[in-house]
Amino acid sequence: MSAWRFIPLTVNNGFWNMALDEAILKAAIEKKSPNTLRFYKWKPSTASIGRNQSLTDEINVQFAKEKGFNVVRRITGGGAVFHDEFREITYSIICPIKFLKKLGANKVIDQFEIITLGIIAGVSYFGLKPEKDIIHCPAILLDGKKFSGNAQVRRKGYILQHGTILLDIDPELMYSVLKTPKNVTKSRMVRSVRAKCIGIKKNLENYDEGKLLGSLKKGFENALKINCKEGSFIEEEIKLAEELVLTKYSTLNWLKKYD
């Protein structure tokens, strides 16, 4: 069993969450930080766009501003996502790609999936019955509906993969923040989300977040054959994250990169 650092659930704004993920990745590449699993939430709620997306095309910036939400560009790919302060847990994993290859995950899709197997195992330990699917990228379903989407970036032999675990869902709010595709009405997108997405609290009589987090940790440990030891951010990661917030994630140059 490989020893990893586990950073328990933290709550940060959108700029800090993305800066911390990148800071851990950079520190890991420089051999200053160990392989890491962490969980986090977003406060305030945040809309994130993929690294190659246009802000103008994807986000109702004025609505987000009025609500006090953050808007941030990720370094990972994928589409625009609304991270609801009250309805989501996010995970991130940083490790060498060769670590995943040693587990038999040689292709990009296999590396995506072996990480998402941790979510499947974790939610199963929690008492639910998830299943995997491919919707643009590996997605995870419950009762045939998506509750987790994932994205990644690869740098200098290392991978950062992070993804959502929906607890609940508010499609009306989601598509007040996110723009609909061209020629698609908001009401149609809201209906589509209700039909295709689900939060894991749905149909649960009692929801225990501590139990869910413990189950997810165990799921990642078993899927990746690792032993997670609780730790915290190192000083270099915090300093780099502070710099990234100021010089990158909170700047219009980064946010409007393709506008």
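The sequence shown runs 1 to 259 under the working numbering. Even glycine gets a Cβ: it sits at the ideal position worked out from N, Cα and C.
With distances taken Cα to Cα, identify the nearest neighbour of residue i among the options.
i, options, result
"residue 232", "1, 29, 30, 40", "40"
"residue 216", "122, 64, 206", "122"
"residue 141", "126, 119, 152, 153", "119"
"residue 62", "160, 249, 179, 170", "179"
"residue 102", "224, 246, 238", "224"
"residue 204", "153, 195, 143", "143"
"residue 111", "246, 157, 46", "157"
"residue 125", "33, 27, 214, 24", "214"
"residue 170", "88, 244, 234, 155", "88"
"residue 109", "36, 154, 129", "154"
"residue 10", "55, 90, 74, 72", "90"
"residue 166", "201, 132, 195", "201"
"residue 65", "234, 45, 185", "45"
"residue 152", "252, 70, 242, 50", "50"
Give me the Cα-Cα distance between residue i and residue j, rounded to the nearest whole angstrom.
i, j, result
"residue 146", "residue 197", "5 Å"
"residue 191", "residue 230", "41 Å"
"residue 68", "residue 42", "12 Å"
"residue 240", "residue 31", "15 Å"
"residue 82", "residue 227", "32 Å"
"residue 78", "residue 58", "12 Å"
"residue 188", "residue 174", "13 Å"
"residue 48", "residue 80", "6 Å"
"residue 86", "residue 249", "22 Å"
"residue 94", "residue 210", "23 Å"
"residue 116", "residue 149", "9 Å"
"residue 219", "residue 1", "14 Å"
"residue 98", "residue 104", "10 Å"
"residue 130", "residue 207", "16 Å"
"residue 237", "residue 15", "14 Å"
"residue 259", "residue 53", "9 Å"
"residue 24", "residue 36", "8 Å"
Which one or two residues does DSSP pair with residue i in a beta bridge?
i, result
"residue 152", "161"
"residue 267", "An answer regarding residue 267 cannot be provided, because it is not within the stretch 1 to 259 covered by the chain."
"residue 2", "226"
"residue 82", "47"
"residue 139", "133"
"residue 117", "Answer by DSSP bridge pairing: none, since residue 117 is not bridged."
"residue 10", "40"
"residue 178", "59"
With DSSP run on the structure shown, which of helix, strand or coil describes residue i?
i, result
"residue 145", "strand"
"residue 211", "helix"
"residue 87", "coil"
"residue 173", "helix"
"residue 72", "strand"
"residue 198", "coil"
"residue 238", "helix"
"residue 204", "coil"
"residue 128", "coil"
"residue 221", "helix"
"residue 28", "helix"
"residue 246", "helix"
"residue 53", "coil"
"residue 184", "coil"
"residue 104", "coil"
"residue 232", "coil"
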